[in-house]
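Q: Under the working numbering, think of the first position of the sequence shown as 35, with each following residue one higher.
Glycine included, each C-beta is placed from N, C-alpha and C at the ideal position.
This structure is in structure tokens; I'll ask about it shortly.
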Amino acid sequence: MSGTGNISRRHLLQGGAVLGLSIGMLVAAWAGRPHVAGFEPEPWFIESSGDLATDAAEAGADGKYLALLWEQRGCHYCEELHRVNFRDADVIALGKKHFRTIQMDLWGKREFLDSDAKNGPRRR
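What follows is the structure, encoded as structure tokens:
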């Protein structure tokens, strides 16, 4: 920098590089996290067989309903559901007693069979 308060081109480029690296490291750290609030399955959720008709039949055989919980990363309401509601012992007991819950990713790419045996993207 010169004494007049002007920013030199070199300092501007250095500042931009530091800012770019900082943002890149934050994005990489966020993307690499194994847990994103509102997306990790609760311990009492089940893993889908990939065939929703089979999953529903198994739930019915247990005297339960099949619940599909559609979520997406970064969803504030999904985070609140896990942080608040799924920490309430009464909610957990109700969920375990009456439902077989499968967590589905709204933007996922895995395939599943729906109740008509048609393929569709399995979101998880």
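Considering Cα atoms alone, identify which of SER42, TRP104, GLY97 and ALA87 is closest to GLU74.
A: Measuring from the Cα of GLU74, the nearest candidate turns out to be TRP104.
Q: Taking only the alpha-carbon atoms, compute the straight-line gap between HIS116 and SER42 and give it to the nearest angstrom.
A: Approximately 50 Å, taken between the alpha carbons.
Q: For the beta strand (DSSP E) that LEU147 lies in, which residues bound it at each end?
A: Unbroken beta strand (DSSP E) run through LEU147: 144-147.
Q: Use the C-beta contact count for HIS69: other C-beta atoms within 10 angstroms, 16 or more gives buried, fewer gives exposed.
A: Confidence in HIS69 is poor, its pLDDT being 42 and thus under 50, which makes the residue's placement too unreliable to answer from.
Q: Taking three-plus beta-carbon pairs below 8 Å as touching, is the region 117-124 in contact with the region 87-99?
A: Touching, no.
Q: In whole angstroms, what is the alpha-carbon distance linking LYS98 and LEU140?
A: Approximately 24 Å, taken between the alpha carbons.
Q: Could you please give me the residues that DSSP links to ILE80 through a beta bridge?
A: Paired residues: ILE136.
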